[in-house]
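Under the working numbering, residue 435 is the last one in the sequence shown; the count climbs by one each step, no gaps.
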Amino acid sequence: MFENQQRDDVEALMKADAEFRRLYQHHKELDSKVHDAEIGVLPIDDMTLTGMKKEKLHAKERLQRMWDERAHKHRTVN
Numbered sequence: 358m359f360e361n362q363q364r365d366d367v368e369a370l371m372k373a374d375a376e377f378r379r380l381y382q383h384h385k386e387l388d389s390k391v392h393d394a395e396i397g398v399l400p401i402d403d404m405t406l407t408g409m410k411k412e413k414l415h416a417k418e419r420l421q422r423m424w425d426e427r428a429h430k431h432r433t434v435n
């Protein structure tokens, strides 16, 4: 996520915004667990996997909104 963004910009937002940092780390953890479940390393049932995928998507959507809000504020200030 945020692969197309400058790494420095993402790191700056994580330093400046504790909620963004927490949510970003949570998303990364979910991404890792979902991947492990899909390749069979993490044994979980389909219902739990589906729930994790939904939670991961919600986190990603929230992170994107936060990123877009930051970009909008930055454009209006400059």
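Where a beta carbon is used, it is the ideal one built from N, C-alpha and C, also for glycine. Being a predicted model, the structure only gives us computed values, none of them experimental.
Other residues of its chain near residue i: CB distance less than 8 Å, five sequence neighbours each side excluded
i    : result
H383 : A416
Residue i to residue j span [Cα, whole Å]
i    : j    : result
R379 : R364 : 17 Å
G408 : R419 : 17 Å
L370 : L414 : 20 Å
A373 : R427 : 11 Å
D431 : K385 : With the sequence shown as reference, residue 431 is identified as His, and Asp is not the correct amino acid for it. Each residue's alpha carbon lies about 26 Å from the other.
M404 : D425 : 32 Å
Residues near residue i by beta carbon distance below 6 Å, same chain, minus five either side
i    : result
V367 : F359
A394 : I401 and L406
Outcome for residue i when other beta-carbon atoms lying within 10 angstroms are tallied against a minimum of 16
i    : result
K390 : buried
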